[in-house]
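Here is the structure we will look at, set down as structure tokens.
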Amino acid sequence: IKKQQQDVMGFLSANKIEFEECDIAANEDNRKWMRENVPEEARPTAGNPLPPQIFNQDRYCGNYEAFFDAREDNIVYAFLGLTAPPGSK
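Residue numbering for the sequence shown follows my numbering, beginning at 33 and increasing consecutively.
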């Protein structure tokens, strides 16, 4: 999980995309918010969704696997609901 979180944050930082890291281990309110805001269709069949879960404000973007796929397909800005800079998608 930690490696996936670092991967997401490293990509966002390298591309100068502003983000806020929310610690769900130390903050019960953050954990509760994440669990309540992951859509039903994106939840695991058993248990709770695990981090990293990616949001743009209150809009759910996806989990690490969806982020990884978007990065591989060069569509991270669309995945995040952001306007891509020239030459990006």
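Quick reminder that beta carbons are idealized off the backbone N, C-alpha and C, glycines included.
Quiz item: Straight-line CA distance for residue 113 to residue 88?
Solution: Spanning the two alpha carbons is a distance of roughly 7 Å.
Practice problem: Give me whichever residues DSSP pairs with residue 91 in a beta bridge. | Solution: DSSP, once it has assigned bridges, lists 88 as partnering residue 91.
Self-check item: Three-state secondary structure (DSSP) of residue 39
Solution: If DSSP states are grouped into helix, strand and coil, residue 39 belongs with the helices.
Quiz item: What three-state label does DSSP hand residue 34 in the structure shown?
Solution: Helix at residue 34.
Practice problem: Out of 60, 54 and 92, state which residue places its alpha-carbon closest to the alpha-carbon of residue 72. | Solution: For residue 72, the nearest C-alpha among the options comes from 92.
Quiz item: What's the C-alpha gap between residue 54 and residue 105?
Solution: Looking at the backbone, the Cα of residue 54 and that of residue 105 are separated by about 26 Å.
Quiz prompt | Local conformation of residue 47 per DSSP, three classes | solution = The DSSP-derived three-state label of residue 47 is coil.
Quiz item: Between the Cα of residue 86 and the Cα atoms of 79, 111 and 78, which residue gives the shortest distance?
Solution: Residue 86 has its Cα closest to that of 111, out of 79, 111 and 78.
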